[in-house]
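Okay, so the sequence shown: first residue is 437 according to this note's numbering, each after it adds one.
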Amino acid sequence: MCTFIFMYKLLKDYPIIAMHSRYAPLVSKEVPPRVSRGKLRAYHPLDTYSTGTWIGFNEEKLFVAVTDQNTIGLDKVYRSRGL
C-alpha cells in the first residue's frame with residue numbers, strides 16, 4: 437500500500453511539501469523527476485516499466501498524486517471518523 441503525506445503552507449518558502457512512498461512491482465524502475473512537455477510543462481518522476489507516473493505538478497500549479505489500496509479480504513466496512 438502507498439503512503440502519501442501532504443503538507444500545505446507549513447514552511448514559508450515551500451507552500452507545498454509532498455512525500456510519496458510507492459508500492460510497485462520489482463520490475464518497475466524509476467527515473468528522477470524531470471520536465472516533460474505536452475500541452476503544459478509538467479514535472480514528475482517516470483516509471484520506465486509502465487511509462488507513466490504517480491506524482492507530479494504542471495506549470496498551472498496543478499498537483500496530482502495516485503495511490504493504491506489493498507481491499508482484498510475486508511469483511512467489514514468501517515465508517516470514517518470524519519463523517
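Virtual Cβ for every residue (Gly too), placed ideally from N, Cα, C. On a predicted model such as this, the values are computed, not experimentally measured, just so you know.
Own chain partners of residue i with C-beta closer than 8 Å, once the 5 adjacent residues on each side are dropped
{"i": "G488", "result": "L482"}
{"i": "K475", "result": "none"}
{"i": "L446", "result": "I453"}
Of the listed residues the options, nearest to residue i (C-alpha basis)
{"i": "Q505", "options": "S457, R477, L498", "result": "S457"}
{"i": "E496", "options": "R477, R473, P469", "result": "R477"}
{"i": "H480", "options": "P469, V513, I508", "result": "P469"}
Alpha carbon of residue i to alpha carbon of residue j, nearest angstrom
{"i": "A501", "j": "S516", "result": "21 Å"}
{"i": "I441", "j": "Y459", "result": "15 Å"}
{"i": "C438", "j": "T503", "result": "6 Å"}
{"i": "P461", "j": "W490", "result": "14 Å"}
{"i": "E466", "j": "Y485", "result": "8 Å"}
{"i": "F513", "j": "M455", "result": "According to the sequence shown, residue 513 is Val rather than Phe. For V513 and M455, the distance between alpha carbons rounds to 28 Å."}
Beta-carbon contacts of residue i that lie in its chain and below 6 Å, excluding the five residues immediately before and after
{"i": "I453", "result": "M443"}
{"i": "F499", "result": "F493"}
Proximity test, Cβ basis, 8 Å: residue i and chain C
{"i": "S464", "result": "This model lacks chain C altogether; it includes just one protein chain."}
Inside the stretch 442-503 only - beta strand (DSSP E) runs reaching at least 3 residues: 450-457, 466-473, 477-483, 491-494, 499-501
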